[in-house]
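Student:
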Amino acid sequence: MTKYTLFTRFVLPFFIGTFAVSLPVSAEEEDSPLTVAMDQTSSALKKLRKIAKDDWASGAKEARIAADGIRKGMKFIPAIVELMPDGKDKDKAIADYRMMMGLSYAAICELELAYLEEDQNKVDAASKKVKGGKKEGHKKYTDD
Ligand code: HEM
Numbered sequence: 374m375t376k377y378t379l380f381t382r383f384v385l386p387f388f389i390g391t392f393a394v395s396l397p398v399s400a401e402e403e404d405s406p407l408t409v410a411m412d413q414t415s416s417a418l419k420k421l422r423k424i425a426k427d428d429w430a431s432g433a434k435e436a437r438i439a440a441d442g443i444r445k446g447m448k449f450i451p452a453i454v455e456l457m458p459d460g461k462d463k464d465k466a467i468a469d470y471r472m473m474m475g476l477s478y479a480a481i482c483e484l485e486l487a488y489l490e491e492d493q494n495k496v497d498a499a500s501k502k503v504k505g506g507k508k509e510g511h512k513k514y515t516d517d
């Protein structure tokens, strides 16, 4: 076997194969910092569904973690807003996004207070606000 056939039959296919296998991995997009912050909120709120009804301390703790995710996410700009041309409409969208995140933050703080007060009715009312805020925010600022 000549040097040339060794190269074309074994070495070259090996490198092409390695490149093809690694391509989808390197092309995979990383989560945006906003998604990472939102995931913190989301997983803390999911934990709330699993804790015992009278475990008020864990409820308050997870609510605090959830609120902190929103606080972190507030400093980022949603991708669909980032793509808008600079100008007043973009500035308004950014301010509106922050306002809605602020309202979500307040609703989750209300949820923490409800757990600290050990008041199930308040927990239910605050949870409803939190869910509503998420639904509204996602409708406006994600392409879901
Ligand atoms: C309790 C409140 C919220 C929860 C639990 C939550 C949860 C999440 C989760 C899990 C994701 C990631 C989705 C994915 O992986 O595709 C996400 C993304 C996103 N959320 Fe929220 N969210 C909340 C409130 C809000 C609010 C109030 C807004 C807007 C005012 C908002 C705007 C967004 C945006 C723009 C993204 C896309 C992130 C990106 O472009 O990288 N979210 N959210």
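Numbering (this note's numbering), first residue to last: 374 to 517.
Where a beta carbon is used, it is the ideal one built from N, C-alpha and C, also for glycine.
As the structure is a computational prediction, the values presented were derived from the model and not from experiment.
#1: Whole-angstrom Cβ separation of Ala410 and Lys461, contact assumed at under 8 Å?
#2: Is the closest heavy atom of the ligand HEM to the C-beta of Gly506 under 7 Å?
#3: Short check: CB of Pro458 to CB of Tyr514, under 8 Å?
#4: Which of the three DSSP states, helix, strand or coil, is assigned to Pro406?
#5: Excluding the 5 residues flanking Ala467 on each side, which residues of the same chain have their C-beta closer than 8 Å to its C-beta?
#6: What residue range does the alpha helix (DSSP H) around Asp469 cover?
#7: Quick one: using the 10 Å Cβ neighbour count with 16 as the cut-off for buried, is Met474 buried or exposed?
#8: So for Asp441, helix, strand or coil by DSSP?
#9: Does the distance from the C-beta atom of Ala480 to that of Gly442 stay below 8 Å?
#10: At the level of alpha carbons, what is the spacing between Thr414 and Lys434?
#11: So, helix, strand or coil for Leu421, using DSSP?
#12: Using only alpha-carbon positions, find the residue among Glu485, Lys423, Glu403 and Leu489 that is nearest to Ser500.
#13: Given a cut-off of 8 Å, decide if Lys502 and Glu483 are closer than it, judged by their beta-carbon atoms.
#14: What three-state label does DSSP hand Ile450 in the structure shown?
Tutor: On the basis of the data shown:
#1: Taking 8 Å as the upper bound for CB-CB distance, Ala410 and Lys461 are not in contact here, some 27 Å apart.
#2: Result yes, Cβ under 7 Å from the ligand HEM.
#3: No Cβ-Cβ contact shorter than 8 Å links Pro458 with Tyr514.
#4: Secondary structure of Pro406 (DSSP, three-state): helix.
#5: The question names Ala, yet the displayed sequence has Ile at residue 467. Excluding sequence neighbours, Ile467 sits near Ile450 and Val454.
#6: Lys461 to Leu489 is the extent of the alpha helix (DSSP H) around Asp469.
#7: Note on Met474: 16 or more other CB atoms within 10 angstroms of its CB, so buried under the neighbour-count rule.
#8: It is helical.
#9: Using a Cβ distance threshold of 8 Å, Ala480 and Gly442 do not count as a contacting pair.
#10: C-alpha separation (whole angstroms): 12 Å.
#11: Secondary structure of Leu421 (DSSP, three-state): helix.
#12: It is Glu485 whose Cα lies nearest to the Cα of Ser500.
#13: Remark: C-beta atoms of Glu483 and Lys502 approach each other more closely than 8 Å.
#14: Residue state for Ile450 is assigned as coil, using DSSP reduced to three classes.
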